[in-house]
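Sequential numbering from 20 applies to the sequence shown in this note's numbering.
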Amino acid sequence: MEPSMWSKLPSDLIQLIFERLGFADFQRAKSVCLSWRYASKQSSPNNQIPWLILFPEKGKDYCLLFNPEEKDEKLYRIQNIGVNFANSNCLATYGSWLLMQDDHQYNIIYILNIFTCEKIDLPSMKSQLSIVETEDDMFLVQLHDNRDVLFWFDEKTKDYVVIWIIQARFLVYSRKGDKYWKRIELFNFNFDMVYKDHRLYLYTSSRDVKVLDFSQGIPRQVFETQVNYDYSRKPEDVFYYDAPLHVCRKIKTENLVVRVTGEVLRVKSIVLCNSDVWYFRIYKMNSSNSEWEKLDSLGDEEAIFLDLGITVTLANTIKGVNGNSIYFSGNHNNYCDSDLGHFWSKNDILIFNLGTQEIERPHPSIFSSIQLSNARWFVPNFKQM
């Protein structure tokens with residue numbers, strides 16, 4: 020076929036072609052011509068493979084993408100897209116979008132599409148102390164880890180929301196069209212949050228789950244559990260060791276995960292600073308008695324992406340994804356005291372198998388050849404997953 024004839028194919032035929040392509044081929048096909056690029060916006064790539072985004076050591080003005088589906092372990096370099104990766108930090112991901120902050124000018128925060136190069140500037144922060152200006156006050160933003168911030172983006176409408184937990188008891192948010200950050204007082208300490216279907220799920224210090232509806236102009240609380248918890252009972256998910264505290268320290272973190280079905284899970288992780296040992300416990304909410312019940316297995320058709328707060332269904336049919344596993348990064352827990360000599364870092368990409376209770380570092384050849392400042396799982400086709 021003559022090159023000029025590709026643009027004359029019927030749009031419905033072009034869409035059928037796009038729907039049969041994996042993500043990498045989907046991105047390449049968009050560059051055939053203008054009509055193909057337009058058709059790509061009406062379609063979605065067929066595969067659901069989670070990718071890795073890698074940020075080299077500071078001073079390198081590019082990032083790297085890795086698709087586990089490709090057997091040759093090829094890395095794609097992204098650079099010259101109008102932002103300075105050398106002076107930026109990735110705070111969170113959603114689909115093909117990254118939430119970025121300038122390392123030198125903390126008041127500069129923006130959302131970036133890593134494939135289309137679209138960039139959306141957010142309301143500014145004041146001074147290097149990362150103070151958020153709201154309509155009626157100013158708050159200090161303290162980023163302890165990547166769980167302090169999340170965002171959501173709608174590819175079709177370009178609507179978005181960025182949410183920060185401030186000082187554990189407040190959150191501020193910004194949506195499309197906002198000139199200032201807006202504040203919500205939560206009246207409780209909040210440890211983690213997940214955003215799904217215009218709803219914000221908050222996990223509190225009392226092990227309750229609150230749900231705020233963001234579908235209207237003003238967010239409102241629509242659900243709150245009252246968990247029955249017996250504090251006098253020794254919890255079964257606590258591990259005890261005979262080693263002295265200065266030799267063996269346990270770091271415990273709890274995350275909230277929302278399944279595709281909407282069911283809420285609580286994931287507790289424990290790591291020993293002076294070893295390479297992780298432990299995970301998963302709990303689901305029993306709606307009849309409002310108690311957290313231990314869940315021993317996800318089944319072979321589901322996996323958790325902990326940093327994203329989501330589960331992937333039918334994992335056994337997705338090439339490169341292991342069922343009954345937890346995918347996470349070292350960003351998930353980086354409170355370890357360096358004096359204790361741990362064997363993992365915040366730049367690690369890790370997989371924990373719930374069946375074997377073993378942990379692995381996938382694609383070691385890639386990570387051993389690159390000095391990284393940040394690494395994350397991200398899901399380009401987030402909506403289908």
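C-beta atoms are modelled at their ideal positions from N, C-alpha and C, and glycine is treated no differently.
Asked                                                                                                                                                                      : Found
Once the 5 residues before and after Ile184 are set aside, which same chain residues still bring their CB inside 8 Å of it?                                                : Arg166, Asp167, Val168, Leu190, Asn209 and Met212
Taking just the CA atoms, how far does Trp311 sit from Met304?                                                                                                             : 5 Å
So if DSSP puts Tyr95 in a beta bridge, which residue, or which two residues, is it bridged to?                                                                            : Leu84
To which residues does DSSP link Leu284 through a beta bridge?                                                                                                             : Val276 and Lys303
Quick one: is Asn341 buried, meaning 16 or more other Cβ sit within 10 Å of its Cβ, or exposed?                                                                            : buried
Go ahead and pull the three-state DSSP assignment for Glu38.                                                                                                               : helix
Using only CA atoms, which one of Leu275, Lys60, Asn308 and Glu243 lies nearest to Tyr1?                                                                                   : Residue 1 is absent from the structure shown; the chain starts at 20 and stops at 404.
When you compare each of Asn106, Pro87, Gly374 and Asp80 to Met97 by their alpha carbons, which one comes out closest?                                                     : In the sequence under discussion, the amino acid at residue 97 is Ile, which differs from the Met named in the question. Nearest option by C-alpha distance: Asp80.
What span of residues does the beta strand (DSSP E) with Ala58 cover, start to end?                                                                                        : It is not in any beta strand (DSSP E) - Ala58 instead sits in the alpha helix (DSSP H) that spans Leu53 to Ser59.
With DSSP as the reference, identify every bridge partner of Lys201, one or two as the case may be.                                                                        : Tyr192
Should Glu76 go down as buried or exposed, given a rule of 16 or more other Cβ atoms within 10 Å for buried?                                                               : exposed
State yes or no: is the C-beta of Phe386 within less than 9 Å of the C-beta of Leu327?                                                                                     : no
Here's a check: name, in chain order, each residue in its chain whose Cβ is nearer than 6 Å to the Cβ of Leu205, leaving out the five neighbours to either side.           : Arg188
On the premise that Val230 lies in contact with Arg218, defined as a C-beta separation below 8 Å, what is that separation, rounded to the nearest angstrom?                : 5 Å
Excluding the 5 residues preceding and the 5 following Val104 in the sequence, name in chain order all residues of the same chain whose CB lies nearer than 6 Å to its CB. : Sequence check: residue 104 is Phe here, not Val. Only Asp80, Tyr81 and Cys82 meet the Cβ criterion.
Quick check on Leu40: buried or exposed, where buried means 16 or more other Cβ atoms within 10 Å of its Cβ?                                                               : buried
Taking Ile128 as part of the beta strand (DSSP E), name the residues at either end of that continuous run.                                                                 : Ile128 to Asn132
Spatial neighbours of Asp173 within its chain, please: CB distance less than 8 Å, with the 5 preceding and 5 following residues excluded, ordered by chain position.       : Tyr179
Is it buried or exposed for Gln120, if we count other Cβ within 10 angstroms and need 16 for buried?                                                                       : buried
Which two residues bound the contiguous beta strand (DSSP E) that contains Phe397?                                                                                         : Leu391 to Phe397
What did DSSP end up calling Ile289 once you bin it into helix, strand or coil?                                                                                            : strand
How many angstroms separate the CA atom of Asn207 from the CA atom of Thr223?                                                                                              : 7 Å
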